[in-house]
Amino acid sequence: WLQIMYDASDGRFSVFDNDRIRRMGEYISRSYIGNGYVVNFADADAIRNAPNELVWNYGNAVGSKEMKNFALYCQADRRTGKFRAPAITLNDSWRAMNTLRFNPAMRTQIDSLNALLQTKSLEEILYDLRKDVPASTWYSETEQCFIRNSSQWFLGAKGGFNNESHNHNDVGTFILYIRDIPVFIDAGVGTYTKQTFSKTERYKLWSMQCDWHNLPMINGIAQPFGGQWKASNTLCNLKKGIFSLDIDGAYPEEAGCTDWNRKYILSQSGKPSLKITDSFSLSERTAADIEHFLVKGEVLLPGQDYKGKVIPEGELIIICDGDLAVKMTYSRNLKASVDIREMDDRRFARIWGPVLRRISLTSDENAPIKGKYECTITEIRNDK
3 WLQIMYDASD GRFSVFDNDR IRRMGEYISR SYIGNGYVVN FADADAIRNA PNELVWNYGN
63 AVGSKEMKNF ALYCQADRRT GKFRAPAITL NDSWRAMNTL RFNPAMRTQI DSLNALLQTK
123 SLEEILYDLR KDVPASTWYS ETEQCFIRNS SQWFLGAKGG FNNESHNHND VGTFILYIRD
183 IPVFIDAGVG TYTKQTFSKT ERYKLWSMQC DWHNLPMING IAQPFGGQWK ASNTLCNLKK
243 GIFSLDIDGA YPEEAGCTDW NRKYILSQSG KPSLKITDSF SLSERTAADI EHFLVKGEVL
303 LPGQDYKGKV IPEGELIIIC DGDLAVKMTY SRNLKASVDI REMDDRRFAR IWGPVLRRIS
363 LTSDENAPIK GKYECTITEI RNDK
């Protein structure tokens with residue numbers, strides 16, 4: 003639309019020099035995790051599907067080298083070891099004509115990259131195309147943060163409120179990828195149906211619900227839908243890898259929650275780890291608290307065998323793609339169990355495979371009304 007207004011006014015109407023418009027476009031680059039995966043809070047897919055030509059055109063219009071380089075990065079074909087020529091965006095006639103107009107300039111850059119392959123490897127060129135992208139980004143308006151560390155761990159977390167565009171009831175949730183492999187995930191959304199857009203039926207869909215995100219049920223109560231249910235005191239320190247927020251305001255009165263602070267700490271040096279701490283105070287105890295975590299991998303619980311050793315209480319193992327094994331250490335006053343969710347929707351199955359698993363860490367029904375739950379995620383290295 004911005005390009006249409008620019009063209010229709012012969013350039014007299016233009017917002018392409020607006021910093022906010024540029025930063026909106028660069029979200030596409032910043033939210034890219036790797037291996038095709040992207041941050042997918044709310045109804046977004048976890049697999050990138052934006053046309054590279056459109057991303058390049060946007061970056062060209064707003065003067066963003068980062069966006070243009072990202073579009074070129076995504077044109078790499080590891081099977082051939084070269085960069086693909088740009089295609090025509092065919093989802094509507096105007097975009098098709100617009101990509102025809104700009105593709106020669108993009109093609110020139112791709113030709114230069116392919117020529118550079120005579121002296122540099124494909125991986126070296128790909129690194130150069132992404133080396134200037136900030137490791138971490140904080141979006142204060144939407145309360146989303148993306149934090150990477152030197153060990154290629156990626157943490158995405160959010161605050162916000164429960165009436166955002168394409169909302170899920172997910173204030174305070176997070177995702178974690180290790181070397182571009184999904185560990186803790188957001189399922190996203192299934193195939194759009196009438197129910198997806200129903201005001202009364204939407205939140206009966208499992209993937210919209212708080213208890214199928216990486217969040218607690220407080221006194222057995224989940225977050226409801228509504229703009230009044232929101233985070234507060236949201237803080238982000240990118241240098242230290244810390245994101246914290248109060249999520250008690252996202253739960254209704256019957257949860258009896260007077261204070262619930264969630265803090266994420268992604269280690270920035272040394273042995274990589276993610277520590278999640280929930281510090282809480284309740285007015286009364288009426289049911290158990292349940293900490294939920296949604297994972298793509300297989301889960302081994304305490305008492306099960308892992309490589310000849312019995313997993314002790316307070317630990318569980320997640321076996322992920324690519325032989326990645328992750329240990330989750332948690333407060334011993336919590337009991338672990340696992341639910342299996344079959345992906346009977348084609349959109350979910352295309353991204354995640356046949357099943358997802360939900361870890362539940364459940365407190366005692368008579369647990370104290372004040373306290374702390376802690377979880378620490380570390381990688382199990384094959385050489386140790």
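All the letters of the sequence shown, read from the start, carry residue numbers 3 to 386 under our numbering.
Where is the CB? At the ideal position from N, CA and C, for every residue including glycine.
The structure presented is a predicted model; accordingly, all values stated were derived computationally and were not measured.
In the three-state scheme derived from DSSP, where H, G and I count as helix and E and B as strand, Trp3 is classed as coil. Distances from the alpha-carbon of Val340 to those of Ser362, Tyr141 and Met69 put Ser362 closest.
For Ser209, the three-state secondary structure derived from DSSP is helix. Checking the DSSP bridge columns, you'll see Gln197 has no partner listed. Between Asp19 and Asn239, the alpha-carbon positions lie close to 29 angstroms from each other.
Residue state for Asp21 is assigned as helix, using DSSP reduced to three classes. Distance from the CA of Ser285 to the CA of Cys259, rounded to the nearest whole angstrom, comes to 6 angstroms. The residues Ile183, Pro184, Lys298 and Gly299, in chain order, have a CB closer than 8 angstroms to that of Asp323 in the same chain once the five nearest residues on each side in sequence are set aside.
When Ile35, Asn37, Asn100 and Asp79 are compared, the shortest CA-CA separation from Trp3 is found for Asn100. Relative to the Cα of Glu293, the nearest Cα in the group Ser271, Ser200, Lys160 and Gly174 belongs to Gly174. As DSSP reads the structure, Phe85 sits in a beta bridge with Ala78. With a beta-carbon spacing of about 5 angstroms, Gly251 and Ser234 fall inside the 8 angstroms limit used to define contacts.
Distance from the Cα of Glu256 is smallest, within the candidate group Asn51, Met219 and Asn37, for Met219. When Asn164, Glu315 and Trp96 are compared, the shortest CA-CA separation from Leu302 is found for Glu315. C-alpha of His170 to C-alpha of Asn164: approximately 7 angstroms in a straight line. If you draw a straight line from the Cα of Arg150 to the Cα of Gln225, it is about 28 angstroms long. Boundaries for Leu336: no beta strand (DSSP E) harbours it, and the DSSP string shows neither H nor E there.
The shortest C-alpha to C-alpha distance from Lys372 to any of Lys70, Asp366, Phe282 and Arg132 is the one to Phe282. Between Leu118 and Leu268, the gap from beta carbon to beta carbon reaches 7 angstroms or more.
For Pro106, the enclosing alpha helix (DSSP H) has its first and last residue at Ser95 to Leu118. Under the three-state reduction of DSSP, Glu344 is assigned to strand. Taking C-alpha positions only, Val57 is separated from Pro274 by approximately 33 angstroms. The beta carbon of Leu237 sits closer than 8 angstroms to the beta carbons of Ile244, Phe245, Ser246 and Leu247 from its chain, once the five residues preceding and following it are set aside; these are given in chain order. The alpha carbon of Ser365 has as its nearest neighbour, out of Ser333, Asn384 and Arg14, the alpha carbon of Ser333. DSSP places Ala159 in the strand class (E or B) of the three-state scheme. Segment contact: the stretch 63-75 against the stretch 4-24, three or more CB-CB distances shorter than 8 angstroms; contact assigned.
Under DSSP, the beta-bridge partners assigned to Met219 are Ile292.
In terms of Cβ geometry, Thr380 and Lys311 do not form a close pair [threshold 7 angstroms]. Residue burial annotation: Asn384 is exposed, with fewer than 16 other C-beta atoms found within 10 angstroms of its C-beta. Under the three-state reduction of DSSP output, Glu315 falls in the coil class, being neither helix nor strand.
Pairing Tyr29 with Ala159 gives a Cβ-Cβ distance that is not under 7 angstroms. In this structure, the CA atom of Asn59 is about 11 angstroms from the CA atom of Pro106. Taking C-beta separations shorter than 7 angstroms and ignoring five residues to either side along the sequence, the partners of Ile249 in its chain run Val173, Gly174, Ala233, Trp262 and Arg264, following chain order. Leaving aside the five residues that flank Trp214 on each side, the residues in its chain whose CB is nearer than 8 angstroms to its CB run, in chain order, Ala189, Trp208, His294, Leu296, Arg343 and Arg360.
Rounded to whole angstroms, the gap between the alpha carbons of Tyr34 and Pro136 is 12 angstroms. Residue pairing for Glu68: DSSP places it in no beta bridge.
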